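This note's numbering puts the last residue of the sequence shown at 296; the count rises by one with no breaks. Heads up, the beta-carbon is just placed ideally off N, CA and C, and yes, glycines get one too. Model, not experiment: these values are computed from the prediction. These notes are about the structure you will find just below.
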Amino acid sequence: MRRPHALPGQPGGRKSILLTLMMGLLLLYTVVPILWLVINATKTQDSLLSSFGLWFSGDFALWDNIVDTFTYADGQFGRWLLNTLLYVVVGAGGGTVLATLAGYGLARFDFPGKRAFLPVLLGAIAIPATALAVPTFLLFSNMALTNTPWAVIIPSLINPLGLYLVWFFTEDAVPEQLLEAARIDGAGEFRIFRTIALRLLMPALVPVLLFSFVTAWNNYFLPLIMLNDADWLPLTVGLNNWSMQNQQAVTATGHAIDSIIVTGSLLSVVPTIVLFLGLQRYWESGLVAGSVKE
Numbered sequence: 003m004r005r006p007h008a009l010p011g012q013p014g015g016r017k018s019i020l021l022t023l024m025m026g027l028l029l030l031y032t033v034v035p036i037l038w039l040v041i042n043a044t045k046t047q048d049s050l051l052s053s054f055g056l057w058f059s060g061d062f063a064l065w066d067n068i069v070d071t072f073t074y075a076d077g078q079f080g081r082w083l084l085n086t087l088l089y090v091v092v093g094a095g096g097g098t099v100l101a102t103l104a105g106y107g108l109a110r111f112d113f114p115g116k117r118a119f120l121p122v123l124l125g126a127i128a129i130p131a132t133a134l135a136v137p138t139f140l141l142f143s144n145m146a147l148t149n150t151p152w153a154v155i156i157p158s159l160i161n162p163l164g165l166y167l168v169w170f171f172t173e174d175a176v177p178e179q180l181l182e183a184a185r186i187d188g189a190g191e192f193r194i195f196r197t198i199a200l201r202l203l204m205p206a207l208v209p210v211l212l213f214s215f216v217t218a219w220n221n222y223f224l225p226l227i228m229l230n231d232a233d234w235l236p237l238t239v240g241l242n243n244w245s246m247q248n249q250q251a252v253t254a255t256g257h258a259i260d261s262i263i264v265t266g267s268l269l270s271v272v273p274t275i276v277l278f279l280g281l282q283r284y285w286e287s288g289l290v291a292g293s294v295k296e
């Protein structure tokens, strides 16, 4: 009997030089900016501008830079960090809850007009968020919600990709026969969803939550046009404001804050890295769940 060929990467499989080079370049493209941030966050303002960017200087000033970052401009960085957490927890968390409820309902309940949802949903996924930013601003401006946290939170509650993933994962992971048996036993729809369907959907909910978290954490353009008050800015827009102020200070021979901006940038990516590493085994299993037909 002829043995099947092993795939590249499997034991006994052929190694592809081209794929190895491409993965190496992708790894460098991903790791070098993080490495640059880590190294330069340990330098003083003077050594940051005078030393090689991918190696340490003599002075190790990481803790001093962290303290300066949180105390500069009356602690604006801490306020922006709390704002970002607010937008992520309420926006991304709420968007995941709504996507779960809507996706489950679309998969397991019939109602007039249900077939029209799929093309509308695919269209919503295809439209880039930047194309909707100006219409969203005009809409919220008419409702007098601009320059308030709701202008960032409410759009984050809409998660078409999450709804699509939950919808089709429910089709495969939540058998209709199981739900019908629960209904015969007298369970209500909300109890069925909470005690049966939600547990079966957990592998899909972790990737949806992570994608929502990253999108909300890195949200830049929408807060940029919605918010004018510096007290409500997220980290992305706040750090960019510091960068522009730093350029003006350098031009006017003022006090440069490059070391504070670099340290703030490093601190802003730490939660994302920690979350991905902590939930790695959950989101990997969620991504491949349902991809193999048994």
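For THR73, the three-state secondary structure derived from DSSP is helix. Here MET228 is buried, its C-beta having at least 16 other C-beta atoms within 10 Å.
Relative to the Cα of LEU108, the nearest Cα in the group PRO162, THR71 and THR148 belongs to PRO162. Runs of the alpha helix (DSSP H) lying entirely within the region 56-130, each at least 4 residues long, are 64-73, 78-88, 95-110 and 119-128 in chain order. Judged by their CB atoms, ALA199 and TYR106 are nearer to each other than the 8 Å cut-off. Non-local C-beta neighbours of ILE194 in its own chain, meaning closer than 8 Å and more than five positions away in sequence, comprise LEU181, ALA184 and ARG185, ordered along the chain. Pairing LEU37 with LEU268 gives a Cβ-Cβ distance that is not under 8 Å.
Around the CB of LEU64, fewer than 16 other CB atoms lie within 10 Å, so the residue is classed as exposed. The alpha-carbon of ASP61 is positioned some 43 Å away from that of SER18.
Pairing ALA218 with ALA94 gives a Cβ-Cβ distance under 8 Å. With a cutoff of 8 Å on beta-carbon distance, PHE215 and LEU277 are scored as near each other.
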